[in-house]
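> Chains as they are written, first to last, in the numbering used here: chain U, 25 to 475; chain L, 25 to 475. Ideal Cβ placement from N, Cα and C applies to all residues, glycine included.
Number of protein chains: 2
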Amino acid sequence: MENISDDIVLDILIEGGTLLTMSDGMGVIDNPMVGIKDGRIAFAVQKNDDGDARTYTAKKVLNASGSVIMPGLINTHTHLPMVCFRGLADDLPLMDWLNNHIFPAEARFVNRDMVYAGSMLAIAEMILSGTTTFCDAYFYESSVARAAVDSCMRAVVSQGFIDLPHQNDPVKIVDIAENFIDKWQDKNPLIIPSLACHSPYTCSTKTLACIKDIARKKNILYNIHVSETKEEVAIIKERFGKNPVPYLRDIDILDDLTLAVHAVWLDDDEIAMLRENNVKVSHNPESNMKLAAGCAHVPRMIKKGITVGLGTDGCASNNDLDMFREMGSAAKLHKVIQLNPTLMDAKTVLRMATIAGAKALGIDDQTGSIEAGKYADIIIVDMKKPHLTPLYNHYSQLVYAASGSDVDTSIIGGNIVMHERKLIHVDLPSIMQEVRIIAKAIAGNSFSGGY
Amino acid sequence: MENISDDIVLDILIEGGTLLTMSDGMGVIDNPMVGIKDGRIAFAVQKNDDGDARTYTAKKVLNASGSVIMPGLINTHTHLPMVCFRGLADDLPLMDWLNNHIFPAEARFVNRDMVYAGSMLAIAEMILSGTTTFCDAYFYESSVARAAVDSCMRAVVSQGFIDLPHQNDPVKIVDIAENFIDKWQDKNPLIIPSLACHSPYTCSTKTLACIKDIARKKNILYNIHVSETKEEVAIIKERFGKNPVPYLRDIDILDDLTLAVHAVWLDDDEIAMLRENNVKVSHNPESNMKLAAGCAHVPRMIKKGITVGLGTDGCASNNDLDMFREMGSAAKLHKVIQLNPTLMDAKTVLRMATIAGAKALGIDDQTGSIEAGKYADIIIVDMKKPHLTPLYNHYSQLVYAASGSDVDTSIIGGNIVMHERKLIHVDLPSIMQEVRIIAKAIAGNSFSGGY
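(1) Which of helix, strand or coil does DSSP assign to Gln183(L)?
(2) What do you reckon, are the CB atoms on Gly184(U) and Ala161(U) nearer than 8 Å?
(3) Can you find a CB in chain U that lies within less than 8 Å of the CB of Lys314(L)?
(4) Quick one: residues in its chain with C-beta nearer than 6 Å to the C-beta of Val450(L), no 5 flanking neighbours on either side, listed in chain order?
(5) Report, in whole angstroms, the separation of the C-beta atoms of Ala425(L) and Gly142(U), which I expect to be a contact under 8 Å.
(6) I want to see whether chain L comes within less than 8 Å of Thr366(U), judged by CB atoms only; does it?
(7) If we ignore side chains and look at the alpha-carbon of each, how far apart do Leu296(U) and Ala320(U) end up?
(8) For Pro323(U) versus His358(U), is the C-beta distance shorter than 8 Å?
(9) Closest by CA to Lys254(U), which one among Val360(L), Gly51(L), Arg445(L), Leu219(L)?
(10) Go ahead and label Asn99(L) buried or exposed: buried means 16 or more other beta carbons lie within 10 angstroms of its beta carbon, across all protein chains shown.
(11) Using a Cβ-Cβ distance under 8 Å, would Tyr424(U) count as near chain L?
(12) For Val360(L), go through chain U and note every residue whose CB falls closer than 7 Å to its CB, in chain order.
(13) Since Tyr162(L) is in the beta strand (DSSP E), which residue starts that stretch and which ends it?
(14) Give the single residue among Lys304(U), Ser311(U), Leu245(U), Asn312(U) whose Cα lies nearest to the Cα of Met325(U).
(15) Identify whether Ile259(U) lies in helix, strand or coil by the three-state DSSP scheme.
(16) Using alpha carbons as the reference points, say which of Met351(L), Phe133(L), Ile455(L) lies closest to Thr372(L).
(17) Who does Ile216(L) pair with in a DSSP beta bridge?
(18) Roughly how many whole angstroms lie between the Cα atoms of Ser427(L) and Leu315(U)?
(19) Could you list the residues in the segment 79-112 of chain U with a C-beta less than 7 Å from some C-beta on chain L, going in chain order?
(20) Classify Leu188(U): buried if its beta carbon has 16 or more other beta carbons within 10 angstroms, exposed otherwise.
(21) Comparing alpha-carbon positions, which option in Trp121(L), Lys236(L), Glu395(L) lies nearest Ile60(L)?
(22) Please identify, using Cβ separations under 8 Å, the residues of the segment 116-149 of chain U that lie next to chain L, in order along the chain.
(23) Should Leu104(U) and Val168(U) be called a contact, given that it needs their Cβ atoms to be closer than 8 Å?
(24) Just to confirm my understanding: we take Met25(L), look at its own chain, exclude 5 residues before and 5 after, and list those with CB closer than 7 Å. What are they?
(25) Between Asp389(L), Lys398(L), Asp293(L), Leu422(L), which lies nearest to Ala354(L) when the distance is taken from Cα to Cα?
(26) Quick one: list the residues of chain U neighbouring His222(L), beta-carbon separation under 8 Å, in chain order.
(27) Within 10 angstroms of its Cβ, does Ala258(U) collect 16 or more other Cβ (buried), or is it exposed?
(28) What in chain U is Cβ-close to Met456(L), meaning under 9 Å?
(29) For chain L, find out if any of its Cβ atoms is closer than 8 Å to the Cβ of Asp344(U); answer yes or no.
(30) In this structure, what does DSSP give as the bridge partners for Phe57(L)?
(31) Using the beta-carbon count (16 or more within 10 Å), is Gly473(L) buried or exposed?
(32) Can you pull the chain U neighbours of Lys356(L), defined as C-beta to C-beta under 7 Å?
(33) Using a C-beta cutoff of 8 Å, does Ser472(U) count as contacting chain L?
(34) Using only the alpha-carbon positions, how far apart do Ala384(U) and Met347(U) sit?
(35) Check whether the Cβ atoms of Asp432(U) and Asp401(U) sit closer than 8 Å, and answer yes or no.
(36) Any Cβ of chain U within less than 8 Å of the Cβ of Ala171(L)?
Okay, structure coming up:
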């Protein structure tokens, strides 16, 4: 039982419905009370029949009857500004998509303003579909951080590095990385800075190691795409005579603050190597499906004890940021690939999208479950819908039948950011209009995938 | 150009936005006018700049600016009453799921009232997610038909047969089948009766052939689950010394009014055999994924010229009836299975869910595309949403990013059944309550998949 005193004045009290704590110890609580104070969870307990709630004062009371109260979802990998390329080029061969559509569009249209506008739109979509923390990796990442601050969203913002001709000056790389971290570390409770190297095949050994050194010195997360496609594994094998994971281990990249994104084409030795080094994995099933990258051995990784979070990837390869849809795909994909319907049960998938995601990002002491002391990152999902009726099992209903649009209320750090599906801190019409103007320029300058 | 006279008085005129006709000849029409009269499409044309609309009178005008106007979706395979078992038992081995959960629940709880209540709830969910025609197969199918009539939904209702001990009396089978057809054939434009045999492994040769004879005599559709799992293929091979498709051909089941559902484990010869006999296929990717049945060779079937429609299957194996989500899964699954991102492009998938679905059910002369003379089965999808912004390609946006909850208005046979997301002919709260009461009894009498 939490420490509840009589004279507490809560900022928010949520009552009723069913609480999925996603905490190992606490499980599911029917008819709960969740108290929020100073941005954090004060208590999460079952409501006594004698009307315990009346002994607390709350500035705001939210009635969650017929709803699920649960931790907000954690999207462990995305590239928010790519929302501007949503649907620009689909159903194409991977290299055609990348070299003739995405890279040219990025080279021409990515700038601070585009990154900010795209991030604002993406954050709006994420809040509306129940995400309360995202981990982004892109360029001009300070603009992503500013969008998160302006929309009251929690964000792990990863300044990205790739060895393009103008960017492989080691001195400059160190400057950019250190300045970015100094600018954001411990400045705003919503923003956790991080660094990202695009991949072993697009970054030199020097760049990979240099960025990891800085991340280690600053004690922050290091993101890297690893073995997304068969082709890139072959490239690394040819260049270095070994697979990507041993290559990364040999250059001292792997540790408990390394997040390997995708991790599709790993052999058993590589999975063991990730586990030994306590590396975390971000699984992006819909992107891997749509781009035909392949299917990561997630059930095996989880069995071996690797922490696996869920991510949507960017909107050019998904094409949405709805973590509920992503959960449905994660639950179903592995079953059909392995022809085993018991893999990736609903509770495991919901853990991936909440507490395991927080662990993957190294922030599970702060968020990812409903426990006293953690940030109040909470969503209320309305289960009184025809497609969520009847209701036998909350985990199953959320993973297999719910959509992002069933989220009624989102709270981040004790701040209500959406209520009754209305965004509180985002001016949606003007953000959508800004992105439409950017998209008009993009469409006029590239080959959109017409039919 | 359609035949438009000046003195026409329309029931409904839809103006603005973008029209996806899903008709081969007409394609996409920007800024269209769609006129509806006497339940049918009177015309679908581009609006002239000089304000052609003013020369027609319409009792009701719907403004579709910023929206897509398109044919309602066609769900070619479902078992509506199983909505009562949604989430009852998930993530279990197939035979455990079927024998210890679904079959016992069906034996105990399926009756006329349950079938009607479940169908009403399922129809509500379908209308709210853009489906305007479904093909159902279950028991007490007249109750499904009545639910469709009462909710103004178009339905191919298939009385189902399976050789359970009390049901394999050939005389009784013939009576049930013929009475069912006589009761519904040509009685109500919304209802198209049909017959279904559960599968080659659960029905005797006699039953399969007898039901097909009746279907042929009455010129109606014959539904049958074919080769959903590897195991049932092995059973048929052991019993008859051949695969299911040649077995069905040899007993004269295959023709252009046969719908093979699932069709997962077919070899090349069987695919050729379906094509030769003009058999249609219903593809249910999410059910096949969740139950780990396997992945049908749909791209190959389409390449060979087989008509393939899309279906959700019943809610016990999906667990929703949202054809938008089903489209997303259909588009992505085959790409990752074949490691080819060009398979199942968005337009192909949208065809599967509309005109190809109508062809699969033998009703493409009446519905499945927006063409003058067809029933006005139309949905209006609101594209002014953050997750549908920006908009480069309508097909891609609908398949990869839209959800059922983006459908604003649904029209079936010229009858507005949903507007601004409000159902017109269904009393949703009382239907949901009825199903909750049924579910309470089911939960009290079975092992629900608890965690």
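On the basis of the data shown:
(1) Indexing the second sequence from 1 puts residue 183(L) at position 159. For Gln183(L), the secondary structure class from DSSP, reduced to helix, strand or coil, is strand.
(2) Within the first sequence, the letter at position 160 stands for residue 184(U). Within the first sequence, the letter at position 137 stands for residue 161(U). It is a contact, given that the beta carbons lie within the stated cut-off.
(3) Sequence index remark: in the second sequence, residue 314(L) carries index 290 (1-based). Answer yes: the Cβ-Cβ gap between Lys314(L) and chain U drops below 8 Å somewhere.
(4) Here residue 450(L) refers to the residue found at position 426 when the second sequence is read from its first residue. Excluding sequence neighbours, Val450(L) sits near Ala148, Ser175.
(5) Taking the first residue of the second sequence as 1, we reach residue 425(L) at position 401. Taking the first residue of the first sequence as 1, we reach residue 142(U) at position 118. That belief does not hold up - the Cβ atoms of Ala425(L) and Gly142(U) are roughly 15 Å apart, past 8 Å.
(6) Along the first sequence, read from residue 1 onward, the residue named residue 366(U) stands at position 342. Thr366(U) counts as touching chain L.
(7) Looking up residue 296(U) in the first sequence gives position 272. Looking up residue 320(U) in the first sequence gives position 296. Here residue 296(U) turns out to be Ala, not Leu, going by the sequence shown. Using only the alpha carbons, I get a separation of about 14 Å.
(8) The sequence position of residue 323(U) within the first sequence is 299, counting from 1. The sequence position of residue 358(U) within the first sequence is 334, counting from 1. Contact: yes.
(9) Counting from 1 along the first sequence, the entry for residue 254(U) is found at position 230. Comparing Cα positions, the closest option is Val360(L).
(10) As a working note, residue 99(L) is residue 75 in the second sequence. Label assigned to Asn99(L): buried.
(11) On the first sequence, residue 424(U) is found 400 positions in, with the first residue counted as 1. Chain L, which has a Cβ nearer than 8 Å to the Cβ of Tyr424(U), makes this yes.
(12) Translated into positions along the second sequence, residue 360(L) becomes position 336. Here the neighbours are Asn312, Met313, Ala316, Gly318, Cys319.
(13) Working through the second sequence from its first residue, we reach residue 162(L) at position 138. Counting along the chain, the beta strand (DSSP E) containing Tyr162(L) begins and ends at 155-162.
(14) Counting from one through the first sequence, the residue named residue 325(U) turns up at place 301. The shortest C-alpha separation from Met325(U) is found at Lys304(U).
(15) For this step, residue 259(U) is matched to residue 235 along the first sequence. The answer is helix: DSSP assigns Ile259(U) an H, G or I state.
(16) Against the second sequence, residue 372(L) aligns to sequence position 348. Comparing Cα-Cα distances from Thr372(L) to each of Met351(L), Phe133(L), Ile455(L), the minimum goes to Met351(L).
(17) Working through the second sequence from its first residue, we reach residue 216(L) at position 192. According to DSSP, Ile216(L) bridges with Val180(L).
(18) Position 403 of the second sequence, counted from the first residue, corresponds to residue 427(L). Position 291 of the first sequence, counted from the first residue, corresponds to residue 315(U). Their backbone Cα atoms lie some 20 Å apart in a straight line.
(19) Cys108, Arg110, Gly111, Leu112
(20) Counted from its first residue, the first sequence places residue 188(U) at position 164. When all chains shown are included, Leu188(U) counts as exposed.
(21) The residue you call residue 60(L) lines up with position 36 of the second sequence. Taking only the C-alpha atoms, the option nearest Ile60(L) is Glu395(L).
(22) Leu116, Pro117, Leu118, Trp121, Leu145, Ala148, Glu149
(23) The residue given as residue 104(U) occupies position 80 in the first sequence. The residue given as residue 168(U) occupies position 144 in the first sequence. A contact, by the Cβ cut-off of 8 Å.
(24) For the purposes of this step, residue 25(L) is taken as residue 1 along the second sequence, with counting starting at 1. Model confidence at Met25(L) stands at a pLDDT of 40, short of 50, so the residue's coordinates are unreliable and nothing is read from them.
(25) Along the second sequence, read from residue 1 onward, the residue named residue 354(L) stands at position 330. Among Asp389(L), Lys398(L), Asp293(L), Leu422(L), the Cα nearest to that of Ala354(L) belongs to Leu422(L).
(26) In the second sequence, residue 222(L) corresponds to position 198, counting from 1. Here the premise fails: no neighbours, minimum Cβ distance about 20 Å.
(27) If you number the first sequence from 1, residue 258(U) lands on position 234. So Ala258(U) ends up on the exposed side.
(28) Translated into the one-based positions of the second sequence, residue 456(L) becomes position 432. Going along chain U in sequence order, the residues near Met456(L) (Cβ under 9 Å) are Lys408, Lys409, Pro410, Thr413, Pro414.
(29) As a position in the first sequence, residue 344(U) is number 320, starting the count at 1. Cβ-Cβ to chain L under 8 Å: yes for Asp344(U).
(30) On the second sequence, residue 57(L) is found 33 positions in, with the first residue counted as 1. One detail in the question is off: residue 57(L) reads as Met in this sequence, not Phe. Answer by DSSP bridge pairing, in chain order: Glu39(L), Val69(L).
(31) Position 449 of the second sequence, counted from the first residue, corresponds to residue 473(L). Confidence at Gly473(L) is low in this model, with a pLDDT of 39, below 50, so its placement is unreliable and no value can be given for it.
(32) Looking up residue 356(L) in the second sequence gives position 332. Here the neighbours are Glu310, Met313, Lys314.
(33) Position 448 of the first sequence holds residue 472(U). Since pLDDT at Ser472(U) reaches only 43, below the 50 mark, its modelled position is unreliable, and no value is offered.
(34) For this step, residue 384(U) is matched to residue 360 along the first sequence. For this step, residue 347(U) is matched to residue 323 along the first sequence. If I take the Cα positions, the gap works out to 16 Å.
(35) Your numbering for residue 432(U) matches position 408 in the first sequence. Your numbering for residue 401(U) matches position 377 in the first sequence. Not a contact, by the Cβ cut-off of 8 Å.
(36) In the second sequence, counting from the first residue as 1, residue 171(L) sits at position 147. With 8 Å as the cut-off, Ala171(L) does not count as an interface residue toward chain U.
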